[in-house]
Amino acid sequence: METDPEKTFRQTGWAGLRARLFHLYFVLRRPMTLGVRGLVHDTASNSIFLIRHTYVPGWQLPGGGVEAGETLAEALARELAEEGNIALTSPPALKSMHFNRRASRRDHVGFYLIEHFSQTTPKLPDHEIAESGFFPLDRLPEGTTPATLRRIAEVFGCEQPSPYW
Numbered sequence: 003m004e005t006d007p008e009k010t011f012r013q014t015g016w017a018g019l020r021a022r023l024f025h026l027y028f029v030l031r032r033p034m035t036l037g038v039r040g041l042v043h044d045t046a047s048n049s050i051f052l053i054r055h056t057y058v059p060g061w062q063l064p065g066g067g068v069e070a071g072e073t074l075a076e077a078l079a080r081e082l083a084e085e086g087n088i089a090l091t092s093p094p095a096l097k098s099m100h101f102n103r104r105a106s107r108r109d110h111v112g113f114y115l116i117e118h119f120s121q122t123t124p125k126l127p128d129h130e131i132a133e134s135g136f137f138p139l140d141r142l143p144e145g146t147t148p149a150t151l152r153r154i155a156e157v158f159g160c161e162q163p164s165p166y167w
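Quick note, this note's numbering runs 2 ahead of the 1-based positions in the sequence shown.
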């Protein structure tokens with residue numbers, strides 16, 4: 003059976019082009035941001051890794067934005083390396099997804115539990131990270147953010163994950 007290339011393009015090409023144009027329209031009209039955060043848990047000492055940024059108050063879980071062309075897991079690995087000199091030694095466990103309505107009307111965060119990692123040297127302060135370190139779960143630093151405390155309670159306190167960050 004012969005196919006007419008021009009007819010095929012009219013049937014599929016215009017639809018594909020239209021789909022790409024609609025996608026572009028929605029990206030420009032309603033952009034959504036996506037981020038990741040990781041709860042790095044040292045099971046041997048029952049401690050977690052927290053950071054304090056130079057530009058926002060409070061101690062929080064490491065993480066950041068997912069860049070174009072990056073998977074969530076790739077973004078998490080990059081952010082852990084940048085913010086904590088932490089390398090994943092096995093795949094992290096995606097625990098939940100959250101709508102971060104405090105950041106914007108279109109921000110979402112993938113939350114991961116990391117229990118298999120290495121850190122060859124502690125993270126030194128820089129222009130982004132003021133302080134970082136591992137803290138025992140029963141002695142978290144003063145100023146730990148409410149969202150961080152909620153995620154810890156969801157993982158270790160058997161609380162249901164909130165849909166909100």
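We put the CB at the ideal spot given by N, CA and C, even for glycine. Nothing here was measured: the structure is a model prediction, and the numbers come from that model.
Contact belief for V42 with P59 at Cβ below 8 Å, rounded distance in angstroms: With a Cβ gap of about 21 Å, V42 and P59 do not count as contacting.
G86: first and last residue of the uninterrupted alpha helix (DSSP H) it sits in: For G86, the uninterrupted alpha helix (DSSP H) segment begins and ends at 74–86.
Nearest-angstrom beta carbon gap, T91 and F119 [assumed within contact, 8 Å]: 6 Å
V157: first and last residue of the uninterrupted alpha helix (DSSP H) it sits in: Unbroken alpha helix (DSSP H) run through V157: 148–158.
Check whether G2 and I116 have beta carbons under 8 Å apart: Residue coverage of the chain in this structure runs from 3 to 167, which leaves residue 2 outside it and unanswerable.
As assigned by DSSP and simplified to three states, the class of M34: Three-state DSSP puts M34 in coil, outside helix and strand.
Backbone secondary structure at P163 - three-state DSSP: coil
Per-residue burial, R159 [other beta carbons within 10 Å of its own, 16 or more giving buried]: The residue you asked about is not Arg; residue 159 is Gly in the sequence shown. Exposed, because fewer than 16 other Cβ atoms sit within 10 Å of the Cβ of G159.
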